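Structure, as structure tokens:
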Amino acid sequence: MSYDPHDRFRAAVRQLCRLPDTASALDITQAFVEVRTEMHCLLDSVEDDDVVPYIPAGRLVEEICKTELVAYLEGDDSALWRLRNKVKQAAKLLP
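Residue numbering for the sequence shown follows our numbering, starting at 10 and increasing by one per position.
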């Protein structure tokens, strides 16, 4: 696996999005935690002066954690679709 933080984040996004709808809540949660962890690693890897373009993606990942992931874990099956779409959107926001 690549050690480039961008590649690792995108790989985590792909892994989450490839999980079947029938995956367990634990698998979905673990995959999202990996996305969130890789986003934090990516932000940590960027020089302080260069971090501004990454902030929208980082904020979106944190928002997903508080909204779609929580809704999914509370039983809203449609939240999984929204979670995947927003994670893909976060990946597209990266410079």
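Every residue gets a Cβ at the ideal spot worked out from N, C-alpha and C, and that includes glycine.
From a predicted model like this one, the values you see are computed outputs, not experimental measurements.
*Host alpha helix (DSSP H) of D85 (start-end)*: By one-based count along the sequence shown, residue 85 stands at place 76. Unbroken run through D85: none, as it is neither H nor E.
*asked:* What does the Cβ neighbour count give for L51, buried or exposed, with the cut at 16 atoms within 10 Å?
replied: In the sequence shown, residue 51 corresponds to position 42, counting from 1. Counting Cβ neighbours within 10 Å, L51 comes out buried, since at least 16 surround it.
*asked:* Quick check on the DSSP output: the alpha helix (DSSP H) that includes S54 runs from which residue to which?
replied: Against the sequence shown, residue 54 aligns to sequence position 45. Note, S54: alpha helix (DSSP H), A34 to S54.
*Look at the alpha carbon of M48 and the alpha carbon of G67, and state the distance between them as a whole number of angstroms.*
On the sequence shown, position 39 is the one that residue 48 refers to. On the sequence shown, position 58 is the one that residue 67 refers to. Whole-angstrom Cα-Cα distance: 6 Å.
*Give the single residue among V42, S54 and L78 whose Cα lies nearest to the Cα of T24.*
One-based indexing of the sequence shown puts residue 24 at position 15. Note that residue 24 corresponds to Gln in the displayed sequence, not to Thr. Residue V42 is the option with its Cα nearest to Q24.
*Excluding sequence positions up to five away, which residues of its chain have a Cβ less than 8 Å from the Cβ of L82?*
Locating residue 82 in the sequence shown gives position 73, where the first residue counts as 1. These residues qualify, in order along the chain: A34 and T38.
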